[in-house]
Ligand code: KIV
C-alpha cells in the first residue's frame, strides 16, 4: 500500500503549529539528507519525514571542502534519483550558492527548475531577512520554502569558518529578526544550524514555521543530520552535534577487504555464485533482478508479481512501478 505522503500540512501538524481540524498531538520531525535512490529508499522506509537533497553533496559526494561548487543541474540530478527511491517522505531541494543571491528572477527560475525538472516538493534557501522578498515570491508562485539561518555554510567565508552563531546579544537579536522575517514571508519550516540550545528553543517559540535543528539543541520542532554523518561514514568528521548511529565507514571497509581477499584467494565466485549450463528455473534466469517496464501490460497474465521481480525487490532493487505485493 502506498503510504500517505508527507506534505507541508503534515509538517505543520507535527510541529503542533496548526489550529482547528488539522491540529493534533505534536511529534518531532526527523529529516536527513539523501543523494541517491538506494539511500532514499532505506531512509524513507525507516520513517524519515523529510529527505533533503542538500548542497552538502558537494562535500560528501563530490569530495569538495565546501558546498560552494554545487550547481543547480547537480541538485536536479540527485533530486531525480532521490525521488525515485522515496514513497512517503517530503523531498526538499537545496538551492545552491549563487543560484538565488544575485536576482529575484534568477531565484524564482532556479527554484522552479528544482520543482519541474528535479521533482522537489519544496526548496531550501540559506539566509535571513535579506531573502524574505524571494521567499514571498516563491510562496506566491506555489513553491513551499524552507529557510536556513545560523551557521549557513554558503557564507562560510563571510562567517570566518564553520563557527557557532548567535552567542552574543547582537547575534541573538539578528537571528531572532531573521527567523521572524522568514516566518512572516511564508516559510513553512526553518533550519536552525549551529546555535546555542536556548536560542534554538527561543526561535522555535517565536515562529509559526516548524524549526528543524542541526546543532541547535533539543527544543526545535525537528532535527536534521547529514545521512553520511549519522551513519558514521567519515571517521575524521566528529563535530559535537553529530550523533553516530553506526560505523558504516568501518563496516564498508571491512566488507570490501573480505571481498578483495576472496578474489585474490580464488574463493569468489564459488559454486553458489556461478551459472550452470542447464536452463535456470523460473524467476532465476535474469542476470540482474531488474523489474518489468512500467505500464499495465508489464505484469504477468495472472496479475501477480513475477518471481524475478519479487527476488529483485527482496535483494534490494527499487521497483520502477508500484509493487503488487
Ligand atoms: O546541505 C545540507 O545538507 C544542509 C543540512 C545540513 C541542513 O543544508
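Numbering (our numbering), first residue to last: 9 to 333. In this text, a Cβ means the ideal position worked out from N, Cα and C, and glycines have one as well. None of these values were measured; they are calculated from a predicted model.
Which of helix, strand or coil DSSP assigns to residue i
{"i": "residue 133", "result": "coil"}
{"i": "residue 89", "result": "helix"}
{"i": "residue 156", "result": "strand"}
{"i": "residue 41", "result": "strand"}
{"i": "residue 151", "result": "coil"}
{"i": "residue 276", "result": "coil"}
{"i": "residue 79", "result": "coil"}
{"i": "residue 381", "result": "In this structure the chain extends from 9 to 333, so residue 381 is not present and cannot be described."}
{"i": "residue 287", "result": "coil"}
{"i": "residue 295", "result": "coil"}
{"i": "residue 170", "result": "coil"}
{"i": "residue 162", "result": "helix"}
{"i": "residue 254", "result": "coil"}
{"i": "residue 248", "result": "coil"}
{"i": "residue 175", "result": "coil"}
{"i": "residue 269", "result": "helix"}
{"i": "residue 313", "result": "Its pLDDT being 42, under 50, residue 313 is placed unreliably in this model, and the value from its coordinates should be taken loosely. Three-state result, residue 313: coil."}
{"i": "residue 21", "result": "helix"}
{"i": "residue 64", "result": "coil"}
{"i": "residue 47", "result": "helix"}
{"i": "residue 216", "result": "coil"}
{"i": "residue 192", "result": "helix"}
{"i": "residue 128", "result": "coil"}
{"i": "residue 10", "result": "coil"}
{"i": "residue 69", "result": "coil"}
{"i": "residue 36", "result": "coil"}
Paired residues, beta bridge with residue i - DSSP
{"i": "residue 98", "result": "58"}
{"i": "residue 221", "result": "200, 231"}
Contact belief for residue i with residue j at Cβ below 8 Å, rounded distance in angstroms
{"i": "residue 42", "j": "residue 196", "result": "Rounded, the Cβ-Cβ distance is 19 Å, inconsistent with contact."}
{"i": "residue 67", "j": "residue 232", "result": "So it is not a contact: roughly 15 Å between Cβ atoms."}
{"i": "residue 200", "j": "residue 172", "result": "That belief does not hold up - the Cβ atoms of residue 200 and residue 172 are roughly 12 Å apart, past 8 Å."}
{"i": "residue 218", "j": "residue 22", "result": "7 Å"}
{"i": "residue 136", "j": "residue 190", "result": "7 Å"}
{"i": "residue 83", "j": "residue 63", "result": "7 Å"}
* Asked: Quick check: the segment 64-80 against the segment 160-169, are there 3 or more CB pairs under 8 Å?
  -> yes
* Asked: Residues near the ligand KIV, CB to any non-hydrogen atom under 7 Å, in chain order?
  -> 41, 60, 62, 63, 64, 75, 102, 132, 156, 161, 199, 201, 222, 232, 234
* Assess, as a yes-or-no matter, whether the segment 51-63 is touched by the segment 12-29 under the definition of 3 or more beta carbon pairs within less than 8 Å. => yes
* Are the segment 223-242 and the segment 190-208 touching, with three or more C-beta to C-beta distances below 8 Å? -> Yes: at least three Cβ pairs fall under 8 Å.
* For the segment 176-188 against the segment 123-132, are there 3 or more C-beta pairs whose distance is under 8 Å? -> Verdict: no, contact absent.
* **Stretch pair the segment 112-129 + the segment 138-149: three plus CB contacts closer than 8 Å** => yes
* Report yes or no: do three or more beta-carbon pairs, one from the segment 86-104 and one from the segment 43-51, lie closer than 8 Å? => With the cut-off at 8 Å, the segment 86-104 and the segment 43-51 touch.
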